[in-house]
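Report on the structure given below.
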Amino acid sequence: MESKLLSEVNSNRNNNFNLLRLIAACAVIFCHAQPAAGKSITAINYYSGFVAVDVFFITSGFLVTGSLLKRNNINFFIVSRFLRIFPGLFVCLLFSVFIIGALFTTLPLKAYLTNLQISTYLYHNLNLFSTTECSLPGVFENNHFKSCVNVSLWTLPWEIKMYIGLLILGAFRLFINALFSLRIIKVIIITIFIFSVSLTIYRYFKTNNFDNPSRFTAMFSSGALFYIYRDRIILSQSLFICLLLLLIAFLFKKDWLLIPYALSICYLVIYLAFIPKGFIRKFNKLPDYSYGVYIYGFPVQQSIAALYTTISLKEMIIYSFIITVLLASLSWHFIEKPALSLKKYFHSPRFIQNLETKPV
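Okay, structure coming up:
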């Protein structure tokens, strides 16, 4: 069976990351469909969302680390991350407040629009250094998933924290010899990965719950390490199958599943991102709707649940998927893509020269 170095297949944008992220975003919709429809959540629903979020952090760790190390430009890194997260999020929040909230609040419209909770909602969900705010005044009070407008946003502050950690390491590299500092960065990220994986496993066995800070750190740092060591990592179909079979085997011993999962999930994701080819690669020609699907999915599901209180799970999944993809497409074409196109102005030679010559 053919094996390839990760560095060989990572030479261009012809990969499956867009498809993986969209599948992960759709898995989150599937995960939230049961509680939104008032059904008891099953293991497959819960773990579909669990794995989907991990896929986001792994792919982000790999791609964002690559972006920072290849360009070695802190300002461009900050601008790129800002343009990827905030324009789409800002419009989604406005849509949630002034369209969804205004339609579904139990308060008179004037009382709703003048309620201070709206400013709290906008502030906390835009200030991703704090915890996110889920509720709007009088909105979805009678839903099965009571008073929550957008539960999906809770992972975004952790994503920002990962960016900040990586940014600190990138800044460290600028002030020290690049080769020497890269060695130090490798040691730091390896240490972070080992510690975070160990802490995740330890706390799971001690409390039977997942420690999300250590879990997200483990996923993000594993993606970062795969990029850093891309010249040494071999993507092998045999190893991929073995790891997959190992996880399937541990499904019958669920108490121990976390250990092989934590150590193998990154390899499985990166393999799927680069090795499958053929017709599947045509997906790269399609727009990247994954972020829009992720941030609009739950508000759409809550709106459907408010309108149809006895909706079936199947109907919830189908209707919410169709409406969410429509909103995600509008978000991509009119908000996200135009915002991302601004990156080129911050990476232009003139902009960089102005930064370098600007007096301190």
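Quick note on our numbering: the sequence shown kicks off at 61 and runs consecutively.
Every residue gets a Cβ at the ideal spot worked out from N, C-alpha and C, and that includes glycine.
Compute the distance between the beta-carbons of S380 and I101, then report whether it is under 8 Å. Position 320 of the sequence shown holds residue 380. Position 41 of the sequence shown holds residue 101. Cβ distance not < 8 Å, so S380 and I101 don't count as in contact.
Have a look at N78 and K246 and give me their C-alpha separation to the nearest angstrom. The residue given as residue 78 occupies position 18 in the sequence shown. The residue given as residue 246 occupies position 186 in the sequence shown. N78 and K246: Cα-Cα distance of roughly 27 Å.
Between the C-alpha atoms of F137 and L167, what's the straight-line distance to the nearest angstrom? By one-based count along the sequence shown, residue 137 stands at place 77. By one-based count along the sequence shown, residue 167 stands at place 107. Near 43 Å, if we compare the C-alpha coordinates of L167 and F137.
In angstroms, rounded to a whole number, what distance separates the CA positions of S190 and K345? By one-based count along the sequence shown, residue 190 stands at place 130. By one-based count along the sequence shown, residue 345 stands at place 285. Approximately 36 Å between the Cα atoms of the pair.
Mapping the DSSP letters down to three states, classify P419 as helix, strand or coil. Within the sequence shown, the letter at position 359 stands for residue 419. Annotation note: pLDDT 43 at P419 (below 50); position unreliable, no value reported.
Euclidean distance between Cα positions of I301 and P336: For this step, residue 301 is matched to residue 241 along the sequence shown. For this step, residue 336 is matched to residue 276 along the sequence shown. In a straight line, the C-alpha of I301 is about 13 Å away from that of P336.
Candidates I340, I288 and N135: closest to I224 by CA position: Here the question's residue 224 lines up with position 164 in the sequence shown. Taking only the C-alpha atoms, the option nearest I224 is N135.
Neighbourhood of D291 by C-beta distance below 8 Å, restricted to the same chain and skipping five residues each side: Stepping through the sequence shown from its first residue, residue 291 is reached at position 231. Around D291: L65, L66 and S67.
How many angstroms separate the CA atom of F343 from the CA atom of N72? On the sequence shown, position 283 is the one that residue 343 refers to. On the sequence shown, position 12 is the one that residue 72 refers to. Using only the alpha carbons, I get a separation of about 15 Å.
When DSSP labels each residue in this structure, what does I294 get in the three-state scheme? Counted from its first residue, the sequence shown places residue 294 at position 234. Strand at I294.
Under 8 Å by Cβ, that's how I've got V209 and V199 pegged, so tell me the actual separation to the nearest angstrom. To locate residue 209, count along the sequence shown from 1; it is residue 149. To locate residue 199, count along the sequence shown from 1; it is residue 139. The beta-carbon distance between V209 and V199, rounded to whole angstroms, is 6 Å. This is short enough to meet the 8 Å contact definition.
Taking the alpha-carbon positions, what's the H184 to V385 distance? The count along the sequence shown starts at 1 and reaches residue 184 at position 124. The count along the sequence shown starts at 1 and reaches residue 385 at position 325. Cα-Cα distance, rounded: 26 Å.
DSSP three-state call for S190: helix, strand or coil? For the purposes of this step, residue 190 is taken as residue 130 along the sequence shown, with counting starting at 1. Of the three classes helix, strand and coil, the one that applies to S190 here is coil, per DSSP.
Spatial neighbours of T331 within its chain, please: CB distance less than 7 Å, with the 5 preceding and 5 following residues excluded, ordered by chain position. Along the sequence shown, one-based indexing puts residue 331 at 271. Sequence inspection shows Tyr at residue 331; the Thr mentioned does not correspond to that position. Around Y331: L295 and F300.
Give the range of the alpha helix (DSSP H) segment to which L65 is assigned. For this step, residue 65 is matched to residue 5 along the sequence shown. Note, L65: premise wrong, no alpha helix (DSSP H); beta strand (DSSP E) at S63 to L65.
Smallest Cα separation from L123: which of M279, P197 and K374? Translated into the one-based positions of the sequence shown, residue 123 becomes position 63. When only C-alpha atoms are compared, the closest one is M279.
Three-way DSSP call (helix, strand, coil) for T260 in this model: Residue 260 sits at position 200 when you count from the first residue of the sequence shown. Of the three classes helix, strand and coil, the one that applies to T260 here is helix, per DSSP.
Less than 8 Å between the C-beta atoms of I178 and L153, yes or no? The residue labelled residue 178 in the question sits at position 118 within the sequence shown. The residue labelled residue 153 in the question sits at position 93 within the sequence shown. Not a contact, by the Cβ cut-off of 8 Å.
Run of the alpha helix (DSSP H) containing C91, from where it starts to where it stops: Numbered from its first residue, the sequence shown carries residue 91 at position 31. Element bounds for C91: F77 to A96.
Delimiting residues of the alpha helix (DSSP H) encompassing C326: Translated into the one-based positions of the sequence shown, residue 326 becomes position 266. Note, C326: alpha helix (DSSP H), L318 to F334.
Is the beta carbon of S282 sitting closer than 8 Å to the one on I118? In the sequence shown, residue 282 corresponds to position 222, counting from 1. In the sequence shown, residue 118 corresponds to position 58, counting from 1. Closer than 8 Å, so yes.
DSSP has T165 in a bridge; who is on the other side? Counted from its first residue, the sequence shown places residue 165 at position 105. BP columns for T165 point to V199.
Should T370 be flagged as near chain B, meaning a C-beta pair shorter than 8 Å? No chain B is present in this structure, which holds just one protein chain.
How is the alpha helix (DSSP H) around S350 delimited, first residue to last? For this step, residue 350 is matched to residue 290 along the sequence shown. Element bounds for S350: S350 to L367.
Take every Cβ of the stretch 142 to 151, pair it with every Cβ of the stretch 105 to 117, and state whether three or more of those distances are shorter than 8 Å. no
Closest residue to G352 among K397, D315, T192 and G98 (Cα-Cα distance): On the sequence shown, position 292 is the one that residue 352 refers to. Minimum Cα distance to G352 is reached at K397.
Hey, would you say I288 sits closer than 8 Å to I249, going by beta carbons? If you number the sequence shown from 1, residue 288 lands on position 228. If you number the sequence shown from 1, residue 249 lands on position 189. Their beta carbons are under 8 Å apart, which means I288 touches I249 by this criterion.
Own chain, CB closer than 6 Å to L216, minus 5 neighbours either side, in chain order: In the sequence shown, the residue the question calls residue 216 occupies position 156. Excluding positions up to five away in sequence, the list reads L188.
On the criterion of 16 or more Cβ atoms from any shown chain inside 10 Å, does N269 qualify as buried, or is it exposed? Within the sequence shown, the letter at position 209 stands for residue 269. The residue is exposed, with fewer than 16 neighbouring Cβ atoms inside 10 Å.
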